[in-house]
Amino acid sequence: MANQGQNNPALAKKLLDSMQNDLRTLSAECKRKHPEVKECAEMVQVRLRTISTKNEDIIAGLLSISTDVIHPFVLGCDTKNPKLLPLCLVAVQRMISNEAVSTAAADSIIGMLWHLMEAGLEELKLLQTAILLLTINSVVQHESLAKALVLCFRLHFTKDSTTINTAAAAIKQLVSAIFDRVVIEDKIPTSVPKESVNLEELKAGSRNPPKSLRPCAGDAYLLFQDLCQLVNADQPFWLMGMTEMTRTFGLELLESVLTSYPTIFSQHQEFSFMLKERVCPLVIKLFSPSLKYRQGLPPAPSPAPVEKPFFPIVMRLLRIVAVLIKSYYPLLVTECEIFLSLLVKFLDPEKPIWQRCLSLEVLHKLSVQPELIK
Numbered sequence: 001m002a003n004q005g006q007n008n009p010a011l012a013k014k015l016l017d018s019m020q021n022d023l024r025t026l027s028a029e030c031k032r033k034h035p036e037v038k039e040c041a042e043m044v045q046v047r048l049r050t051i052s053t054k055n056e057d058i059i060a061g062l063l064s065i066s067t068d069v070i071h072p073f074v075l076g077c078d079t080k081n082p083k084l085l086p087l088c089l090v091a092v093q094r095m096i097s098n099e100a101v102s103t104a105a106a107d108s109i110i111g112m113l114w115h116l117m118e119a120g121l122e123e124l125k126l127l128q129t130a131i132l133l134l135t136i137n138s139v140v141q142h143e144s145l146a147k148a149l150v151l152c153f154r155l156h157f158t159k160d161s162t163t164i165n166t167a168a169a170a171i172k173q174l175v176s177a178i179f180d181r182v183v184i185e186d187k188i189p190t191s192v193p194k195e196s197v198n199l200e201e202l203k204a205g206s207r208n209p210p211k212s213l214r215p216c217a218g219d220a221y222l223l224f225q226d227l228c229q230l231v232n233a234d235q236p237f238w239l240m241g242m243t244e245m246t247r248t249f250g251l252e253l254l255e256s257v258l259t260s261y262p263t264i265f266s267q268h269q270e271f272s273f274m275l276k277e278r279v280c281p282l283v284i285k286l287f288s289p290s291l292k293y294r295q296g297l298p299p300a301p302s303p304a305p306v307e308k309p310f311f312p313i314v315m316r317l318l319r320i321v322a323v324l325i326k327s328y329y330p331l332l333v334t335e336c337e338i339f340l341s342l343l344v345k346f347l348d349p350e351k352p353i354w355q356r357c358l359s360l361e362v363l364h365k366l367s368v369q370p371e372l373i374k
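Just so we're aligned: 199 in full-length UniProt numbering is position 199 of the sequence shown, and the numbers increase by one with no gaps anywhere.
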């Protein structure tokens, strides 16, 4: 997709001038304490002047040397100087916004953001930069994409409430962006024959995507697989470096994907397989406390105490059940029959009143949809 700079030479020239100004400012600020940053910034200024005198496509010229252009700003961030960080991050964001960042430059940026995240610096600007980098185009894929997502997840579990809420919104936006890539990818014709799906290999889980999937679909598959892993309190395969995850947030992300992208799950056998093998067993497992608990009655003899159902978990599970029945019944006939029987069982008088209300609400939503009632 052509960006604004490529279509508008004036905007491209403005970007080049802005980058020159940023580099001059960085050089001046680093004159005494960080001479290596100053020297790097001045070298890049010379290269940018060369681009402007060649009367060529400025964005293409910047893209070809973007790793070098980004480098002085990466070095500036490495100093962790509070005066330099905003300048460097704004300059990097400007390059990203104009799609003047190559895959190698993007990897360098992600590494820079990771170091700042670990140092607890400029957390909101890190999230802004990550969102831009992952949503402007598809230059970040595979392991680099996973690292950028983990960075956002890590920021979601910091102590600052503003950062936590911003990171949650960022993660939801990025998860949607990754699945949007699949929708776009599926519309692009390909002459490469599709490899057969090995379902036995899929059962084990892996940090590598199925060979039968194209690149964007492979990333989305690994992301969804790891969301299931994390909700099940298992270690992720692809999202390496995850240190924390709440079950409620994971269930919200699963629900969002299942609600927004039913076409992906119906068109790709690999995703349909995950529904049957990962999502449905996970939902049934997490419903276990709700099935066993009987309010006001003595518990049955058991070596372990009966766990009480937890409202935030049950509420999110029932939302997922509603989506599965509404959008995936043809793929999950047997599983949906089990879910419907569970919903009815949750209406039993000995169940907590809130659980009965939630179940009744889901049954009502399903019953008022003519296409489901046949």
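Beta carbons: idealized from backbone N, C-alpha and C, even for Gly.
*So what does DSSP say about Pro-189, is it helix, strand or coil?*
coil
*Count the other CB atoms within 10 Å of the CB of Glu-270; is the residue buried (16 or more) or exposed (fewer)?*
Around the CB of Glu-270, 16 or more other CB atoms lie within 10 Å, so the residue is classed as buried.
*asked:* My output table needs one value for Ser-102: the three-state DSSP class, helix, strand or coil.
replied: coil
*asked:* For a quick check, are the C-beta atoms of Glu-42 and Leu-84 less than 9 angstroms apart?
replied: no
_Residue range of the unbroken alpha helix (DSSP H) whose run includes Tyr-328_ = Unbroken alpha helix (DSSP H) run through Tyr-328: 311–328.
*Is DSSP giving Arg-32 helix, strand or coil here?*
coil
*asked:* Classify Leu-360: buried if its beta carbon has 16 or more other beta carbons within 10 angstroms, exposed otherwise.
replied: Looking at its Cβ environment, which holds fewer than 16 other Cβ atoms inside 10 Å, Leu-360 is exposed.
*Where Met-95 sits in the DSSP three-state scheme*: helix
*Just to confirm, are Phe-153 and Met-112 a CB contact at a threshold of 9 angstroms?*
The answer is no: Cβ separation not under 9 angstroms.
*Does the pairing of the stretch 20–39 with the stretch 67–81 give three or more beta-carbon distances under 8 angstroms?*
Yes, they touch.
_Using 9 angstroms as the threshold, is the C-beta distance between Val-139 and Glu-99 below it?_
Val-139 is a Cβ neighbour of Glu-99, given a cutoff of 9 angstroms.
_Using a Cβ-Cβ cutoff of less than 7 angstroms, which residues in the same chain neighbour Lys-211 once the five nearest sequence positions on both sides are dropped?_
Result list for Lys-211: Glu-195, in chain order.
*Among residues of its own chain, excluding the 5 on either side of Phe-311, which ones have a beta-carbon nearer than 7 angstroms to its beta-carbon?*
Trp-354
_If you follow the alpha helix (DSSP H) that Lys-345 is in, where does it begin and where does it stop?_
333–345
*asked:* By the three-class DSSP mapping on this structure, what secondary structure does His-115 have?
replied: DSSP, reduced to helix, strand and coil, places His-115 within a helical segment of the structure shown.
*Is it buried or exposed for Ala-233, if we count other Cβ within 10 angstroms and need 16 for buried?*
exposed
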